[in-house]
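Start counting the sequence shown at 4; every next residue gets the next number (the working numbering).
To start, the structure itself, in structure tokens.
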Amino acid sequence: IECQKKRDSGWQTTESLRWSRESYRQENGEKGRSDLLLPSYSISRVRTKGSKTDPERGDRQSYQVELASSSVLSDADLIALQANWRWLNTFAQRHQLLLRADVGTIISSDFESVPLNIRFYAGGDQSVRGYDYKSLSPRDSTGQVTGASNLVALSSEYAFKLTDKWRLAAFVDAGNAFD
């Protein structure tokens with residue numbers, strides 16, 4: 004269930020309620036199931052100048068809080084907080100700079116009860132490029148990623164416009180999911 008509202012200020016709010024059931028079996032033989040009822044609230048804003056498919060400048064911000072309580076149809080108690088920022092600017096018509104930051108934390112008195120699909124992972128083309136998708140997180144004794152309670156991922160990208168359809172880019176990403 005989701006209710007989205009676009010505000011006159013340009014911000015969009017989203018209130019939602021979702022049910023998450025995770026059944027898992029890891030390579031180390033561990034298996035289990037978890038149910039969560041997750042109410043959440045998020046607020047976001049996107050501003051761009053130029054074309055919608057290839058903007059010259061803009062920014063995007065989003066903030067989200069998600070909750071679960073063992074006293075209300077959930078197998079875990081948690082508060083998950085996330086924030087994401089993007090900033091893009093074009094200089095001298097051919098030089099573009101994109102900055103990105105993603106942070107998050109999960110607050111829980113029993114993190115082991117937080118399902119794997121709720122935990123944070125880093126790596127992949129929308130996170131820390133050069134690493135496999137969701138490959139950065141703590142690992143168990145068998146080397147299996149287990150997810151983390153914290154996330155920080157930062158990126159800086161420079162692009163030079165060669166033609167209308169081609170750019171040459173260089174980037175630096177840093178980050179990890181950690182406890």
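Glycine residues also receive a C-beta, built at the ideal position from the N, C-alpha and C atoms.
Query	Result
Reduced DSSP category for residue 25 - H, G, I as helix; E, B as strand; rest coil	strand
Delimiting residues of the beta strand (DSSP E) encompassing residue 158	153–164
Residue 38: first and last residue of the uninterrupted beta strand (DSSP E) it sits in	34–53
C-alpha distance - residue 28 paired with residue 34, whole-angstrom precision	4 Å
Contact the stretch 52–72 vs the stretch 80–88: 3+ CB pairs below 8 Å	yes
Contacting residues, own chain, Cβ-Cβ under 6 Å from residue 37 (five flanking each side not counted)	25, 78 and 118
Nearest candidate by alpha-carbon position, reference residue 10, set 67, 23, 136 and 48	48
For residue 116, three-class secondary structure by DSSP	helix
Integer Cβ distance of residue 123 from residue 107, believed to fall under 8 Å	6 Å
Rounded C-alpha distance that separates residue 138 from residue 76	31 Å
Cβ-based neighbour list, residue 102, same chain, cut-off 6 Å, excluding 5 preceding and 5 following	90 and 159
Simplified DSSP assignment, three categories, for residue 108	strand
Limits of the beta strand (DSSP E) - the one that residue 69 falls within	58–71
Burial state of residue 73 (16 or more Cβ within 10 Å)	exposed
Secondary structure of residue 85, DSSP reduced to three states	strand
Residue 173 versus 99, 43 and 82, residue with shortest Cα-Cα distance	99
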